[in-house]
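Quick note: the first sequence uses our numbering, first residue 4, plus one each step. Just so you know, even glycine gets a beta-carbon here, dropped at the ideal spot from N, CA and C.
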Amino acid sequence: MERVNFQAIEKKWQKKFEASRLHNKNGKKFYCLEMFPYPSGKIHMGHVRNYTIGDVIARFKFMKGFDVLHPMGWDSFGLPAENAARLNNLNPKKWTEQNIQTMKTQLKKLGLSIDWDLEISTCDVDYYKHQQEMFIDFYNAGLVSRKETYVNWDPVEKTVLANEQVINGKGWRSNAVVERKKLSQWFFNITKYSRELLKDLENLPGWPQKVKLMQKNWIGESIGCELDFKIKNENKKIRIFTTRPDTIFGASFIAISVDHEISKKFENDSKFKDFKDQCSKIGTTEEALANAEKIGFDTKLFVEHPFIENKILPIYVANFVLMDYGNGAIFGCPAHDQRDFDFAKKYELPIIKVVSENEDTSQNELKEAYTGNGKMINSSFLNGLNVSDAKNKIIEKIVLNKIGEKKTLFRLKDWGISRQRYWGCPIPMIYLEDGSVVPVDKSELPIKLPEDVNLSDSGNPLKNHPSWIKTVHKKTGKPALRETDTLDTFVDSSWYFIRFCSPKSKNPYDVKSTNHWMPVDQYIGGIEHAILHLLYSRFFMKAIKRCDEKITCSEPFKNLFTQGMVCHETYKDSDGNWLYPEEVKKINEKKAINKLKKTEVKIGASESMSKSKKNTIDPETMIKQYGADAVRWFILSDSPPEKDIQWSDTGVYSASKFLQKIWNLTNTVINAKKIKNDISRAKDFENKINFYGFKIDKAINNFQLNVAVAQFYEVYRYFNESISQSITQKTLSNGLIKILKLMLPFTPHLANECLQNLNCKDVDKWPEINSKVLENLEINFAVQVNGKTRDIILIKKDLSEKDVDKIARKSSKTSKYIIDKKIVKTIFIKNKIINYII
RNA sequence: GCCCUCGUGGUGAAAUUGGUAGACACAAAGGACUUAAAAUCCUUGCCCUUUUGGGAGUGCCAGUUCGAGUCUGGCCGAGGGCACCA
């Protein structure tokens with residue numbers, strides 16, 4: 004048999020793919036998008052999986068007659084470029100551009116149907132100048148603000164560190180102890196959209212439930228009320244927020260945050276200072292904070308209980324009360340909140356039960372807080388009500404007494420977008436001499452990043468630049484200083500999908516194209532972006548719509564698919580160093596040796612491929628060895644796309660063998676001898692091919708690409724068995740064309756080549772699947788006795804109970820169970836089973 | 001701690017959504033072809049039986065049903081998200 008020359012075939016077809024587009028003039032639009040990559044240097048298997056899945060969908064939709072938009076770009080701003088540039092004394096721009104070139108060449112070798120005319124790169128001035136314009140629009144629409152927040156400050160590098168750059172409280176490069184420093188930073192007011200972002204999740208049936216739930220929890224709605232407590236002997240009030248106003252009669256203290264206005268009174272008190280120190284020593288990780296002991300500082304101040312005359316409650320400053328949620332103050336009801344319970348135990352505060360599970364009004368000692376439902380006790384006018392009715396009644400009273408109001412809070416915080424970095428989009432704001440901050444005039448855009456920067460000095464290169472920072476306020480002609488912060492790279496990726504609709508437009512987007520192509524019909528990417536990227540993008544869409552009423556789209560991604568990771572075993576040498584798979588020779592499942600040193604290698608668990616553990620497989624090597632089609636075929640087979648997949652060398656090898664068989668089959672069919680046609684055989688053959696077409700089409704629609712691949716193996720086997728039967732060359736050829744067309748989205752090079760050899764003229768058309776033919780097929784039908792399957796009979800579809808019964812009883816396998824027995828009942832389900840109860 | 005998802009052969013997984021459990025693939029064992037190897041093809045898969053057959057069986061325990069991998073309740077285990085959010 005002739006071996007398929009996949010290298011020649013792939014080269015030939017990739018040239019054609021580059022020149023062709025997935026456009027169907029009169030077709031319905033379909034925007035297929037995979038999350039664009041960060042140009043880190045080379046593509047990895049994760050990219051291969053992501054983009055192969057996307058390519059199958061894009062090609063499939065195109066063949067089905069859709070007008071498909073399938074673009075690709077580069078998320079090219081970010082910290083790694085800066086680091087790499089420092090390390091190799093390169094310009095970040097050059098480093099990035101080189102990587103893009105390499106990765107683009109690699110992507111083309113996968114045979115993707117990408118429209119490279121639409122390519123964009125976020126570090127391009129042509130891209131980020133529009134972003135600056137949008138920033139100004141957002142600013143003018145009141146969606147940008149400036150606030151003080153804490154950052155991780157590296158005193159040696161004189162720079163702000165990202166959370167992942169802080170290792171055990173020290174800077175990753177300088178190893179200096181990281182300080183918490185308060186900086187004034189820019190924010191997008193995403194919290195203005197909390198309610199909308201939450202509510203609109205309901206309009207996204209095409210999103211995984213899991214992602215929607217994660218976003219829902221992230222936004223974190225809680226419904227409750229605000230309530231004022233009057234401070235005793237002072238003409239002042241403390242406003243608190245609670246979701247349990249029903250437990251007000253169980254209140255035994257007020258707790259406020261360390262940063263609360265009232266806490267400031269004690270700043271010169273040495274005991275308070277000690278307390279503050281103690282709080283800051285607890286640790287910085289969130290888990291440490293959550294499990295930390297609850298401690299408090301007694302202010303010796305009291306408030307009056309709003310509903311119990313002459314009752315007063317002490318005010319404590321407590322480490323577990325957060326300033327940036329609600330009002331930084333709460334009332335503590337120890338009996339029905341675990342934190343309050345712990346606190347009350349420590350400071351010997353009263354624990355008053357006001358909700359009873361079982362109408363027990365006695366005040367037995369509690370071992371832990373009771374947070375469940377029940378009847379109100381000990382609560383004056385609330386007594387006897389259940390929790391939810393009590394909430395309504397007390398809120399009514401609070402409003403009536405004008406001491407508070409109903410309120411809904413969200414956990415979501417505003418999006419901090421300032422980064423003290425060089426390699427990012429400059430924020431188009433300037434500082435005037437009088438201390439005010441204003442946006443630059445739009446006519447002065449773009450604010451270009453200077454290329455002549457010194458990255459080896461510590462601190463922000465933009466701040467260190469001799470001239471870039473200095474500018475002039477256009478309106479007044481007065482000198483001003485530029486903002487040296489650059490934008491978080493999540494901003495870049497929050498609207499690239501809109502830019503793809505009109506990548507050459509002079510404006511950030513062309514309204515007509517945007518309204519035509521948006522929303523993205525199918526978005527595909529990793530689950531790690533479930534919250535931030537997807538939430539920010541949703542915010543951007545809404546913000547753009549607010550700034551421009553001509554935009555009709557309010558949710559950017561109609562359907563979302565999150566694919567799993569690519570995993571591989573890990574290998575460790577006897578000295579504890581990680582080894583690359585190519586350095587290891589496997590003897591069997593549990594044994595492996597170091598190829599060079601011949602020493603034994605420890606085989607570790609299969610984990611997501613990562614450079615640090617060296618369990619990576621280079622896609623380019625695989626493509627060279629087995630061909631792009633085989634790599635694509637393998638990565639789509641075996642595991643469902645949403646789950647993790649194990650990379651296996653034997654797997655990709657067997658994939659290539661199967662593709663060779665398809666090639667052989669094509670040659671066999673082309674050279675098939677003329678034989679007499681057996682009409683009924685030919686009809687059965689056509690029906691069966693049609694049936695597989697139906698199953699494959701359905702599997703792709705359901706994103707069950709692994710199931711589709713399995714169907715191809717089956718249909719191949721069936722086809723191979725049919726060749727020797729009395730079926731004409733023409734029938735065989737038509738059948739194979741059908742199969743190859745179904746295969747085209749998976750293995751575009753091989754399928755195109757074979758189709759060409761079979762003289763197929765309408766390669767781009769999805770084969771017609773005749774659903775009527777399906778009905779004539781014979782089906783396997785189960786015969787059960789007492790619910791146990793005793794026989795499987797082959798019958799015509801849609802046979803009546805009477806006819807099936809006749810055949811079923813005759814079956815020797817069944818009859819021995821029912822002979823001499825009285826059949827009490829017969830259950831018949833058309834086309835499925837008949838069940839005799841004896 | 002709270003929330004969510006998932007448990008099917010040696011492995012990755014299918015299962016028409018309550019109706020043939022294990023399709024398809026990897027690995028293993030055995031066999032066919034071959035002087036031999038590679039390649040290719042076939043068989044097996046847990047228990048009993050020489051075979052024909054039969055039985056058990058989808059994490060564990062119960063329940064609903066003629067019939068449960070699928071539905072309900074409880075338990076065990078794995079993974080993920082959130083984390084003092086009042």
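Cα-Cα, which of F749, N737, V786 is closest to K844?
Only positions 4 to 841 of the chain appear in the structure, and residue 844 is not among them; the question remains open.
Suppose you measure from the CA of Y721 to the CA of I665; what does that come to, to the nearest Å?
13 angstroms
Could you pull out every residue in the same chain whose Cβ sits closer than 6 angstroms to the Cβ of D647, ignoring the five residues on either side in sequence?
G567, M568, C570
Does DSSP put L25 in a helix, in a strand, or in coil?
If DSSP states are grouped into helix, strand and coil, L25 belongs with coil.
Check whether the region 513-523 touches the region 179-190, counting contact only when three or more Cβ pairs, one atom from each stretch, lie closer than 8 angstroms.
Inter-segment contact for the region 513-523 and the region 179-190 is absent: fewer than three beta-carbon pairs are separated by less than 8 angstroms.
Relative to the C-alpha of K32, which candidate in G438, W769, A61, V163 has its C-alpha closest?
It is A61 whose Cα lies nearest to the Cα of K32.
Is DSSP giving G407 helix, strand or coil here?
strand
Any idea what DSSP makes of A811, helix, strand or coil?
helix
Please check the pair P442 and M137, which I expect to be a contact at CB under 8 angstroms, by giving their CB distance rounded to whole angstroms.
Contact flag wrong, Cβ pair sits at about 12 angstroms.
When the Cα atoms are used, what is the spatial distance from P453 to N91?
About 19 angstroms.
Are there three or more Cβ pairs, one per stretch, closer than 8 angstroms when the region 154-163 is compared with the region 103-116?
no
Near K691, which residues of its chain fall below 7 angstroms by C-beta distance, leaving aside the five closest residues on each side in sequence?
Closer than 7 angstroms at the Cβ level, and outside the excluded window around K691, lie Y721.
Per DSSP, Y153 forms a beta bridge with which residues?
K185
Starting from L316, trace the beta strand (DSSP E) both ways and give me its first and last residue.
315-321
Answer yes or no: do W581 and M612 have a C-beta to C-beta separation smaller than 9 angstroms?
no
With a Cβ-Cβ cutoff of 9 angstroms, do F697 and I772 count as a contact?
yes
Tell me whether T792 is buried or exposed, calling it buried when 16 or more other Cβ atoms sit within 10 Å of its Cβ.
By the C-beta density criterion, T792 is exposed, having fewer than 16 other C-beta atoms within 10 angstroms.
Roughly how many angstroms separate the alpha carbons of A372 and L538, rounded to a whole number?
35 angstroms
Are the CB atoms of E160 and S148 within a distance shorter than 9 angstroms?
no
Counting along the chain, where does the beta strand (DSSP E) carrying S516 start and finish?
From DSSP, S516 is part of no beta strand (DSSP E) but of the alpha helix (DSSP H) over 514-520.
Report the rounded CA-to-CA distance for Y3 versus L412, giving the unit in angstroms.
This structure does not reach residue 3, given that the chain is present from 4 up to 841, and the question cannot be answered.
Consult DSSP for Y583 and reduce its assignment to one of helix, strand or coil.
Residue state, collapsed to three classes: coil.
Flag this pair as yes or no: are the beta carbons of H339 and V357 separated by less than 9 angstroms?
Yes, the Cβ-Cβ distance between H339 and V357 is below 9 angstroms.
Quick one, are the C-beta atoms of H476 and L435 less than 9 angstroms apart?
yes
Among A608, E623, G462, which has the Cα closest to the Cα of K616?
A608
For the alpha helix (DSSP H) containing C757, list its first residue and its last residue.
It spans 751-760 - the alpha helix (DSSP H) in which C757 sits, taken as one unbroken run.
Helix, strand or coil for R541? Go by DSSP, reduced to three states.
Helix.
So, at 8 angstroms on beta carbons, what are the nonlocal neighbours of A87 in its own chain, with the 5 sequence-adjacent residues on each side left out?
L93, P95, W98
Under 8 angstroms, with one C-beta from each stretch per pair, do the region 672-691 and the region 586-601 reach the 3-pair mark?
no
Leaving out five residues before and five after L563 in sequence, what residues of the same chain have Cβ atoms less than 6 angstroms from its Cβ?
Within the same chain, W210, Y526 come within 6 angstroms of L563 by CB-CB distance, once the 5 residues on both sides are set aside.
Go to F256, then tell me how far its alpha helix (DSSP H) extends in each direction, as first and last residue.
Boundaries for F256: no alpha helix (DSSP H) harbours it, while the beta strand (DSSP E) harbouring it runs 256-259, taken from the DSSP string.
What residues in its chain sit with their C-beta under 6 angstroms from that of Y54, if we drop five residues either side in the sequence?
Correct list, in chain order: E37, L115.
Below 9 angstroms between beta carbons: does that hold for E586 and K45?
Not in contact: E586 and K45 (Cβ atoms no closer than 9 angstroms).
Using only CA atoms, which one of D488, L316, N376, D460 lies nearest to N236?
L316
Quick check on the DSSP output: what are the complete alpha helix (DSSP H) runs of length 4 or more inside the region 378-431, in order along the chain?
Unbroken alpha helix (DSSP H) runs of no fewer than 4 residues, entirely contained in the region 378-431, are found at 390-403, following chain order.
Let me check one thing: in DSSP terms, what residues is V358 bridge-paired to?
M379
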